[in-house]
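Under the numbering used here, the first residue of the sequence shown carries the number 348, and numbering increases by one thereafter. Accompanying notes for the structure given below.
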Amino acid sequence: MKIRIPNLFLALAILTVTSPLLAADDAKAEKENWQVLFDGKTLDGWEKVGKEDSYWKVEEGAIVGTGNPSMLVCTQGPFKNFRYRVEAKINDGGNSGVYFRTTRKPGFTDGYEAQV
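As structure tokens, this is what we get:
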């Protein structure tokens with residue numbers, strides 16, 4: 348297949364000019380449709396699952412967990428056809444993950460996990 352160089356440059360130029368405009372429209376639409384699961388102030392809509400000697404709190408706008416391993420479960424669902432954005436930070440040697448599309452079962456959840 349023969350590609351003409353001037354046509355390739357024209358296509359790239361058009362994409363370069365229009366991509367930011369399309370991205371801006373997408374970002375605006377996404378921002379308007381996001382459902383916030385964590386308000387940065389409280390754990391409203393969240394439930395601790397697991398050991399009693401584990402603790403979850405809000406500190407400087409972030410969810411912080413201490414003590415023995417447990418889970419914090421969002422109770423605002425169910426959701427479908429979604430985009431899920433998480434900002435996570437973990438200490439050295441920590442073990443954490445974010446579950447999504449899960450089914451609650453006694454003792455643990457069943458579904459996908461993104462390791463942190």
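Here a beta-carbon is modelled for each residue, glycine too, at the ideal position from N, C-alpha and C. Source: prediction; values computed, not measured.
- Contact between the stretch 424 to 433 and the stretch 387 to 406 is absent: fewer than 3 CB-CB pairs across the two stretches fall below 8 Å.
- Fewer than three beta-carbon pairs drawn from the stretch 435 to 443 and the stretch 417 to 424 are found closer than 8 Å, and the two stretches are therefore not classed as touching.
- THR450 is positioned such that its CB atom lies no closer than 9 Å to that of VAL396.
- Sequence-distant Cβ neighbours of LYS436 in its own chain, meaning closer than 8 Å and more than five residues away, are ALA409.
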